[in-house]
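**Q** Take the sequence shown: its letters are residues 16 to 295, numbered as in my numbering. C-beta: ideal position from N, C-alpha, C; glycine also.
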Amino acid sequence: MIKRILVGIDGSKASWVAADYGMYFSKRLKKPVIGVHIVDIRLLETPFIEDLAGALGFTTYADLTPKLKEVLDERGKAILDEFAKKCREYGADCSIAQAFGIVANELVDMADPEDLIIVGKKGVHNQFAPLFLGSTSEAVARKSKCPVLITTDKFKEIKNVILAFDGREKSVHAAKYLNSFAKELGLEEITVISVLDKKSGEIEKHIEDLLTQNLELDFVLKFLYGYPEEELDRYIKENREKYQLVVMGAYGESRIKELVLGSTTSFIIQHSSIPVLLVK
Numbered sequence: 016m017i018k019r020i021l022v023g024i025d026g027s028k029a030s031w032v033a034a035d036y037g038m039y040f041s042k043r044l045k046k047p048v049i050g051v052h053i054v055d056i057r058l059l060e061t062p063f064i065e066d067l068a069g070a071l072g073f074t075t076y077a078d079l080t081p082k083l084k085e086v087l088d089e090r091g092k093a094i095l096d097e098f099a100k101k102c103r104e105y106g107a108d109c110s111i112a113q114a115f116g117i118v119a120n121e122l123v124d125m126a127d128p129e130d131l132i133i134v135g136k137k138g139v140h141n142q143f144a145p146l147f148l149g150s151t152s153e154a155v156a157r158k159s160k161c162p163v164l165i166t167t168d169k170f171k172e173i174k175n176v177i178l179a180f181d182g183r184e185k186s187v188h189a190a191k192y193l194n195s196f197a198k199e200l201g202l203e204e205i206t207v208i209s210v211l212d213k214k215s216g217e218i219e220k221h222i223e224d225l226l227t228q229n230l231e232l233d234f235v236l237k238f239l240y241g242y243p244e245e246e247l248d249r250y251i252k253e254n255r256e257k258y259q260l261v262v263m264g265a266y267g268e269s270r271i272k273e274l275v276l277g278s279t280t281s282f283i284i285q286h287s288s289i290p291v292l293l294v295k
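1. What would DSSP say about C161, mapped onto helix, strand or coil?
2. Please report how far the alpha carbon of T167 lies from the alpha carbon of I218, in whole angstroms.
3. So K42 is in the alpha helix (DSSP H); what residue range does that whole segment cover?
4. Can you tell me whether M16 is buried or exposed, with buried defined as 16 or more other CB within 10 angstroms of its CB?
5. Kindly identify the DSSP beta-bridge partner or partners of K137.
6. Beta carbon of I165, beta carbon of V134: below 7 Å?
7. By the DSSP assignment, the beta strand (DSSP E) with T206 in it spans what residues?
8. Where R255 and E97 are concerned, what is the direct C-alpha to C-alpha distance, given to the nearest angstrom?
9. How big is the Cα-Cα spacing for R90 and S287?
10. Going straight from the alpha carbon of R157 to that of D233, what length do you get?
11. Which class does L293 belong to by DSSP, given the choice of helix, strand or coil?
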């Protein structure tokens with residue numbers, strides 16, 4: 016079961032969508048949600064400060080560092096105050112936290128294995144600041160010891176869910192995790208997608224047996240054939256108006272194999288038009 020919900024908020028539109036999902040899960044599951052803002056310390060490193068100092072006409076970047084830190088700190092507090100206000104209006108149980116550090120590392124360190132982290136796929140990107148959460152959403156997913164929900168650019172109430180299932184350990188974990196919140200969210204349909212390289216009655220029977228043993232919910236099972244990332248991505252695109260969430264095991268391959276063949280998880284994170292919940 017989910018103990019707490021941590022939402023990474025950087026002030027971007029995508030992070031406010033993540034906040035909407037955080038409040039939604041908090042209220043439906045009756046669990047606390049924590050809005051987290053990390054001031055990226057890379058903004059205070061010498062190369063960035065030197066460039067900014069030159070652009071603003073400062074003679075030495077040392078004069079700018081304390082001022083920039085203060086500005087970033089105040090900006091973070093304002094963002095979190097806005098989150099707390101939205102949370103109260105929504106009726107969710109919320110709190111806030113701010114820290115300085117590397118965004119992915121700090122967010123992951125704050126979470127326990129029983130928590131859920133929610134981040135937007137895209138974050139702040141302008142001439143003043145490089146990508147924050149948007150550049151690190153996959154890093155959070157890789158490093159996190161708890162499940163991670165990566166949201167898209169629009170909030171939608173979750174009614175119909177795709178569960179990607181290949182029979183391996185992490186996809187079994189994903190099925191069991193879905194059990195823990197499906198009823199509270201009031202899910203209407205769960206479609207299980209299993210992609211095989213070719214038709215095999217034996218493997219298909221094995222997949223169906225595993226699902227029956229581990230998914231305590233009604234589901235529709237569909238087998239697709241081909242490359243997992245391509246077939247799953249195609250199914251999501253063709254049915255993006257019907258489904259509001261993809262649930263899948265995170266990074267089932269070794270890092271070496273991922274480097275050679277690519278990662279289905281990374282591909283779906285990058286290409287999915289609906290939120291993706293990654294379970295370890």
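**A** Short version:
1. In the structure shown, the three-state DSSP call for C161 is coil.
2. Rounded to the nearest whole angstrom, the C-alpha separation of T167 and I218 is 34 Å.
3. Following the DSSP letters along the chain, one finds K42 inside the alpha helix (DSSP H) bounded by residues K28 to L44.
4. Around the beta carbon of M16, a 10 Å sphere encloses fewer than 16 other beta carbons of the protein chains shown; the residue is thus reported as exposed.
5. Its beta-bridge partners do not exist; DSSP assigns none.
6. Yes, they are a contact pair.
7. That run of the beta strand (DSSP E) goes E204 to L211.
8. Just so you know, the alpha carbons of R255 and E97 end up roughly 31 Å apart.
9. In this model, R90 and S287 are separated by some 31 Å (Cα to Cα).
10. So the two alpha carbons sit approximately 30 Å from each other.
11. DSSP, read as helix, strand or coil, puts L293 in strand.
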